[in-house]
Amino acid sequence: MNYAKKFVFNHDLKHILSVISYRLKKQVKPFPSIIHIQTINWCNASCKMCPNSQNKNRFVEIMPDDLFEKIVLEIEREAKSYTMVLLYLQNEPLTDDFFLKRMQFFKNHKNKHMSIGFLTNGSLLNDNIISKLKQVEVDFISVSLDAYTPKTYKLIRNGLDFDTVIGNIDKLLSSEFDSRRLAVEFVFQSKNINEFDDFKNFWKKKTGTIMINYLTDRSGDLKKYDELRLFEKNFGIKTRLKFKMVKKLMNFCPKPFIAFHIVSNGDVILCIEDYSRKIILGNIWESSIKEIWNSEKYKKIREKISRKQYEQISPCNSCSIWKEGKFHWF
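In terms of the numbering used here, the sequence shown opens at residue 100 and continues consecutively.
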C-alpha cells in the first residue's frame, strides 16, 4: 500500500465530501477531520511564495508541552472516525527542537482512527531525525521542492540549498523509513511551471507520490502574488477542466467545514491561508477543540461561506481561492 498516496487522496476527498455533506445536512461533523498544529511559529527559509519571508522580525514562539499534550489527549478522546493530524501550519516543523518528542507522545496516545503527518522543506532532515521517524511511526511526510533544477529552486526557495535537500531525501529513502509514506510537493507558480513535466516524471519513479498545489495570495498576505501567480491560460486543457470540475463540486470554500488550525500560542485561526491571523475563533488554553469547532461564531462563518458571502468575512474577503477557483489543500 502506498500510504502517502492514500493520505493525500483522503485529504483531498474529505474537502469535497465536507462541502457536499454540509449542503445536504446544513451541519458539520461534531469534531474536525483534519487538524493542523503549529508547534513553533518559525521557518528557516524565505520562500518567494510564502508570507513568512516578509515577517522575519517576529519573535520565535514554541508551543508549551502541556498545551500540546492537552490537544493530543482531546483528539485521542474525540476522534471517532478517520482523523488526520498534521504537525505543520505556516512553519518549518523541524525547527522545533522538541518535534521528535512530540511525535513520540502522539504515537503513545494514538487511537485507531488517528493518523499523523507533516510537511517540511527537507533542509533539516538530518541522520538523527531520519533514524527516529520509523520509530515514531509517522504516516505521511511531504517534502516541498517546487523545482526540478537547482537554478529554479534558488529562484523560489531562498535560504535553502537544493543539493542538501535532495541529499536528505536520498538518505531518507535509503534508510529503514518506508518510502511509501513519502511524497514530494510542487506548488505551481510562474517561475517553475515549465519544469513540472520533468519534475513529475523524475519523482514519480523515485517516490511514487507527488502532491500538487496551486499558488494563492494567502488571503492577501502574499505581497508578491501578482509577480508569481499563474492564470488559467497558463495551464493545459486537462488542468483547466479540473479547476472547473472541482469548483462545481465544491460550490464554496471547504476549509472551515473540515479543517481546524491551532497556532503556537493556542489561538485557533480560520484558515491555513491566514498568515496575519485576521480572525481568532478561540484559544485552546481556554476552550476545547470541540467547543470552538461547534461555537456560534464558527457556525455563522460557515453559513456565510456556504452562501458565498466572502466579502463579509476576514480573511476570506482578500482571498484568491474563491475568486480563481484554484484550491490550495495544505
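Just so you know, even glycine gets a beta-carbon here, dropped at the ideal spot from N, CA and C.
Boundaries (first-last residue) of the alpha helix (DSSP H) holding residue 269 = For this step, residue 269 is matched to residue 170 along the sequence shown. Segment 261-273, the alpha helix (DSSP H) holding residue 269.
Rounded C-alpha distance that separates residue 278 from residue 241 = By 1-based counting over the sequence shown, the position of residue 278 is 179. By 1-based counting over the sequence shown, the position of residue 241 is 142. The alpha-carbon atoms of residue 278 and residue 241 are separated by roughly 11 Å.
ask   = Roughly how many whole angstroms lie between the Cα atoms of residue 375 and residue 303?
value = Residue 375 sits at position 276 when you count from the first residue of the sequence shown. Residue 303 sits at position 204 when you count from the first residue of the sequence shown. Approximately 35 Å between the Cα atoms of the pair.
ask   = Helix, strand or coil: how does DSSP classify residue 417 here?
value = In the sequence shown, the residue the question calls residue 417 occupies position 318. Note: residue 417 maps to helix in three-state DSSP.
ask   = Okay, do the region 136-143 and the region 357-373 touch, 3+ Cβ pairs below 8 Å being the bar?
value = yes
ask   = beta strand (DSSP E) containing residue 313: first to last residue?
value = Taking the sequence shown and counting its residues from 1, one reaches residue 313 at position 214. From DSSP, the beta strand (DSSP E) with residue 313 extends over 309-313.
inquiry  = To the nearest angstrom, how far is the alpha carbon of residue 159 from that of residue 123?
reply    = By 1-based counting over the sequence shown, the position of residue 159 is 60. By 1-based counting over the sequence shown, the position of residue 123 is 24. Going from the Cα of residue 159 to the Cα of residue 123 covers about 43 Å.
query = Do residue 380 and residue 403 have their C-beta atoms closer together than 8 Å?
reply = Along the sequence shown, one-based indexing puts residue 380 at 281. Along the sequence shown, one-based indexing puts residue 403 at 304. Cβ atoms of residue 380 and residue 403: not closer than 8 Å.
query = From this set, 292, 245, 174 and 228, which residue's C-alpha is nearest residue 212's C-alpha?
reply = The residue labelled residue 212 in the question sits at position 113 within the sequence shown. Out of 292, 245, 174 and 228, 174 has the C-alpha closest to the C-alpha of residue 212.
Contact set for residue 206: own chain, Cβ-Cβ below 6 Å, skip 5 residues either direction = By one-based count along the sequence shown, residue 206 stands at place 107. Excluding positions up to five away in sequence, the list reads 235 and 236.
Residue 349 - containing alpha helix (DSSP H), residue span = Stepping through the sequence shown from its first residue, residue 349 is reached at position 250. Counting along the chain, the alpha helix (DSSP H) containing residue 349 begins and ends at 336-349.
query = Touch check for the region 115-122 and the region 175-191: three-plus C-beta pairs under 8 Å?
reply = no
ask   = How about the region 320-329 and the region 337-350: do they share at least three Cβ pairs that are nearer than 8 Å?
value = no
ask   = So what's residue 167 in DSSP terms, helix, strand or just coil?
value = Here residue 167 refers to the residue found at position 68 when the sequence shown is read from its first residue. Residue state, collapsed to three classes: helix.
inquiry  = Excluding the 5 residues flanking residue 114 on each side, which residues of the same chain have their C-beta closer than 6 Å to its C-beta?
reply    = Position 15 of the sequence shown, counted from the start, is the residue given in the question as residue 114. Closer than 6 Å at Cβ, skipping near neighbours: 353 and 357.
request  = Taking residue 399 as the reference, give the member of 103, 127, 110 and 104 with the closest Cα.
outcome  = Numbered from its first residue, the sequence shown carries residue 399 at position 300. Nearest of 103, 127, 110 and 104 to residue 399, Cα basis: 127.
message = Given this structure, state the Cα-to-Cα distance separating residue 383 from residue 253, to the nearest angstrom.
response = Position 284 of the sequence shown, counted from the start, is the residue given in the question as residue 383. Position 154 of the sequence shown, counted from the start, is the residue given in the question as residue 253. Their backbone Cα atoms lie some 38 Å apart in a straight line.
query = What residue range is occupied by the uninterrupted alpha helix (DSSP H) comprising residue 358?
reply = By 1-based counting over the sequence shown, the position of residue 358 is 259. Per DSSP, residue 358 belongs to no alpha helix (DSSP H); it is in the beta strand (DSSP E), 358-361.
inquiry  = Does residue 202 come out as helix, strand or coil in the three-state DSSP assignment?
reply    = The residue labelled residue 202 in the question sits at position 103 within the sequence shown. Helix.
task = Look up residue 284 in the DSSP assignment and say whether it is helix, strand or coil.
result = Translated into positions along the sequence shown, residue 284 becomes position 185. If DSSP states are grouped into helix, strand and coil, residue 284 belongs with the strands.
task = Would you mind giving the Cβ-Cβ distance between residue 294 and residue 251, rounded to the nearest angstrom? I have them listed as a contact below 8 Å.
result = For the purposes of this step, residue 294 is identified with residue 195 of the sequence shown, where counting begins at 1. For the purposes of this step, residue 251 is identified with residue 152 of the sequence shown, where counting begins at 1. Their Cβ separation, rounded to whole angstroms, is 6 Å, which keeps residue 294 and residue 251 in contact under 8 Å.
request  = Would you mind reading off the limits of the beta strand (DSSP E) that contains residue 190?
outcome  = Mapped onto the sequence shown, residue 190 falls at position 91. Where residue 190 is concerned, there is no enclosing beta strand (DSSP E), given that its DSSP letter is neither H nor E.
request  = Give the DSSP bridge partners of residue 243, in chain order.
outcome  = Position 144 of the sequence shown, counting from 1, holds the residue named residue 243. Answer is 284, bridged to residue 243.
inquiry  = I need the DSSP call for residue 215, collapsed to helix, strand or coil.
reply    = Counted from its first residue, the sequence shown places residue 215 at position 116. In the structure shown, residue 215 sits in a strand (DSSP, three-state: E or B).
ask   = To the nearest whole angstrom, what separates the beta carbons of residue 306 and residue 283, a pair I think is in contact under 8 Å?
value = Along the sequence shown, one-based indexing puts residue 306 at 207. Along the sequence shown, one-based indexing puts residue 283 at 184. Confirmed, Cβ separation roughly 6 Å.
key: Simplified DSSP assignment, three categories, for residue 257   = One-based indexing of the sequence shown puts residue 257 at position 158. Residue 257: strand per DSSP, three-state reduction.
task = Give the single residue among 170, 183 and 417 whose Cα lies nearest to the Cα of residue 387.
result = Taking the sequence shown and counting its residues from 1, one reaches residue 387 at position 288. Ranking the options by Cα distance to residue 387, first place goes to 170.
key: Selection from 419, 371, 413 and 416 that minimises the alpha carbon distance to residue 151   = Residue mapping note: residue 151 aligns to position 52 of the sequence shown, counting from 1. The candidate whose alpha carbon is nearest that of residue 151 is 371.
request  = Leaving aside the five residues before and after residue 210 along the sequence, list all residues of the same chain whose C-beta is less than 8 Å from its C-beta, in chain order.
outcome  = If you number the sequence shown from 1, residue 210 lands on position 111. Cβ neighbours of residue 210 beyond the five flanking positions: 175 and 178.
ask   = Any idea if residue 411 is buried or exposed, counting beta-carbon neighbours within 10 angstroms, 16 or more meaning buried?
value = Taking the sequence shown and counting its residues from 1, one reaches residue 411 at position 312. Counting Cβ neighbours within 10 Å, residue 411 comes out exposed, since fewer than 16 surround it.
ask   = Going by beta carbon distance, what residues of the same chain come within less than 6 Å of residue 104, once the five residues before and after it are set aside?
value = Numbered from 1 along the sequence shown, position 5 holds the residue referred to as residue 104. Closer than 6 Å at Cβ, skipping near neighbours: 308.
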